[in-house]
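Sequence order for the protein chains is W and X.
Following the numbering used here, the residues of the first sequence are numbered contiguously, the last one being 380.
Following the numbering used here, the residues of the second sequence are numbered contiguously, the last one being 62.
Even for Gly, the Cβ is constructed at its ideal location relative to N, Cα and C.
Below is one structure, written out as structure tokens; the observations come after it.
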Amino acid sequence: MADMRKVVVIITMFIFILIAFAVVQDGNHYVKQNEFCNICHEREFDSYNTPGDSVDFAHLKYEVSCAGCHEGHDHAAFLMSMGKMIILDVTGGSTPPKSKDDVTLENKERCLVCHDNYKILMSDRQLDPHIEVTDCSSCHSGHTRGMDEQTCSKCHPVEYKTLEEEGAKHSKKGCDFCHPSHAFIMECTQCHGSFHQGIFVECKECHTDAHKPTDVEFTEMVLNKSLCIQCHTNVNLTFNINPSKHANLDCIMCHPSHGQKQQCSKCHKPHGEESTRADCFVCHKGHTPRDVKYSGSTPTNLCLECHEETGNNLLNSDTKHSGMNCVKCHPNHAQIPSCMDCHGTPHTSTTTDCERCHISAHQLWGK
Amino acid sequence: MLEKLIKSDVVLYYIALFIGFIGLTMMVVFVPFKSVATLMMMLSGLGLVLLGTTTVMILILWDLKTKYLDRHHASIHKD
């Protein structure tokens, strides 16, 4: 009878063992789920699930779970890690247990388990980044978002230099701002919204290189001034207040590409043969060409370029006027002062017609 | 004393069975697992089941020893 009881106990224990191992199998399945990893590794979990955030998401697309790379947690290090985890879980500690597995990006062998064709993948490129690869982490940052720009410049020196020298506001952002993962290009609209109110569908039609965003090549679409003034509203206002022939031209006549300013001599005969646009702009402004303004230190020779005869008369005259700069009597363009402003009424108080005797202020005694 | 107890009844088997039962209960109640703590409770339960099983194994071996080896020795000495 006692032996029979013992047999029943042994059979029951055997059933217990079977059930126990079924439960263990369920536990083993659970620790391979990404949700299990999320208990401690929230940052990595978010990175894994966020599109364009890191190489993690690329693994998600191909259904490679955390355990797909970090299989060490399932083997020798599993119990030790579990022990540390439970202690931290109970004590509320924040220091994560160090993984016993060899999953570091420095360990190229781990990546090569799946990516053994990495050299073939890049062989058709002009510059194969995998030729002298020492470890995958040089470029593939794993969980960490982005990498330093120096790393990008190894393979993309032209883009790096362009961004550094002509990047404008883009140069203040790192490569990873627009390229959070390799070959991923963020949509311009994510930062700039619909800047041109949907008139231009493709940004790159004009902004051909985002690494030099202010270098805009106009297309035929920009022949109409009405498109430009959507952004340059202040210029349009200036044209409306100061009507001139310039106001009737299309912007592209003087600005063949964005930010470029045409030489005035392209249309206008310059004052001097060597006059540059900067010289013109001492007195003239492109958007208000009729409003000529100059400073009190403007040299006479600039005036002579248009007023040659008058100027020569002044310089050759034997009077005190000959030593004076033009701007002394003409502080504004085309303004003719009254002689009496300086000389008062030296003859009689009723004599105001100076030129009856003094021919001209530039040639007081005549020839 | 221990030998007498084992021979007299199956109480040690029942104790091992009870330990295994407690362990199995600990394992089953935490399925499906939700946290590291529940997982560790499952592993603790597994430990108890294995303890109970090991005890039963030892008891079986002890019984076999008593039943055959000791009797065999006793018969030799008698001769």
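Hey, does residue i have any beta-carbon neighbour from chain W nearer than 8 Å?
| i | result |
| --- | --- |
| residue -4 (chain X) | yes |
| residue 36 (chain X) | yes |
| residue 47 (chain X) | no |
| residue 43 (chain X) | yes |
| residue 30 (chain X) | no |
| residue 11 (chain X) | yes |
| residue 52 (chain X) | no |
| residue 18 (chain X) | yes |
So which of the options has the shortest CA-CA distance to residue i?
| i | options | result |
| --- | --- | --- |
| residue 250 (chain W) | W:300, W:342 and W:149 | W:300 |
| residue 27 (chain X) | X:12, X:46 and X:45 | X:12 |
| residue -4 (chain X) | X:51, X:43 and X:48 | X:43 |
| residue 29 (chain X) | X:9, X:45, X:0 and X:15 | X:9 |
| residue 310 (chain W) | W:292, W:24 and W:338 | W:338 |
| residue 280 (chain W) | W:171, W:348 and W:293 | W:293 |
| residue 271 (chain W) | W:282, W:253, W:312 and W:242 | W:242 |
| residue 289 (chain W) | W:277, W:256 and W:244 | W:277 |
| residue 320 (chain W) | W:302, W:304, W:141 and W:343 | W:343 |
| residue 81 (chain W) | W:124, W:55, W:63 and W:56 | W:124 |
| residue 228 (chain W) | W:164, W:182, W:61 and W:252 | W:182 |
| residue 126 (chain W) | W:255, W:149 and W:144 | W:149 |
Work out the CA separation of residue j and residue i for me, nearest whole Å.
| i | j | result |
| --- | --- | --- |
| residue 29 (chain W) | residue 191 (chain W) | 58 Å |
| residue 341 (chain W) | residue 199 (chain W) | 59 Å |
| residue 374 (chain W) | residue 354 (chain W) | 13 Å |
| residue 135 (chain W) | residue 265 (chain W) | 43 Å |
| residue 206 (chain W) | residue 212 (chain W) | 13 Å |
| residue 324 (chain W) | residue 284 (chain W) | 14 Å |
| residue 88 (chain W) | residue 210 (chain W) | With a pLDDT of 45 at residue 88 (chain W), under the threshold of 50, the modelled position of this residue cannot be trusted; read the value that follows with caution. Taking the straight line joining both Cα atoms gives about 57 Å. |
| residue 16 (chain W) | residue 33 (chain X) | 22 Å |
| residue 39 (chain X) | residue 79 (chain W) | 40 Å |
| residue 22 (chain W) | residue 23 (chain X) | 27 Å |
| residue 112 (chain W) | residue 14 (chain X) | At residue 112 (chain W) the pLDDT is 46, less than 50, meaning the model places this residue with poor confidence; the figure from the coordinates comes in the next sentence. Roughly 26 Å between the two C-alpha positions. |
| residue 50 (chain X) | residue 51 (chain W) | 56 Å |
| residue 201 (chain W) | residue 169 (chain W) | 20 Å |
| residue -1 (chain X) | residue 33 (chain W) | 15 Å |
| residue 131 (chain W) | residue 166 (chain W) | 20 Å |
| residue 314 (chain W) | residue 291 (chain W) | 16 Å |
| residue 153 (chain W) | residue 68 (chain W) | 7 Å |
| residue 49 (chain W) | residue 129 (chain W) | 29 Å |
| residue 47 (chain W) | residue 76 (chain W) | 11 Å |
| residue 275 (chain W) | residue 305 (chain W) | 19 Å |
In terms of residues, what are the limits of the alpha helix (DSSP H) holding residue i?
| i | result |
| --- | --- |
| residue 34 (chain X) | 19 to 47 |
| residue 317 (chain W) | 313 to 317 |
| residue 351 (chain W) | First-last for residue 351 (chain W): undefined, no H or E at that position. |
| residue 173 (chain W) | 170 to 179 |
| residue 202 (chain W) | 202 to 205 |
| residue 60 (chain W) | 55 to 62 |
| residue -4 (chain X) | -6 to 12 |
| residue 339 (chain W) | 339 to 342 |
| residue 292 (chain W) | 290 to 293 |
| residue 81 (chain W) | 79 to 82 |
Using a Cβ-Cβ distance under 8 Å, would residue i count as near chain X?
| i | result |
| --- | --- |
| residue 58 (chain W) | no |
| residue 225 (chain W) | no |
| residue 113 (chain W) | At residue 113 (chain W) the pLDDT is 41, less than 50, meaning the model places this residue with poor confidence; the figure from the coordinates comes in the next sentence. Closer than 8 Å: no. |
| residue 61 (chain W) | no |
| residue 173 (chain W) | no |
| residue 144 (chain W) | no |
Point to revise | Contact list for the stretch 19 to 39 of chain W against chain X, Cβ threshold 8 Å | key: Those residues of the stretch 19 to 39 of chain W that come within reach of chain X (Cβ to Cβ, closer than 8 Å) are 19, 22, 23, 25, 26, 29, 30, 32, 33, 36, 37 and 39.
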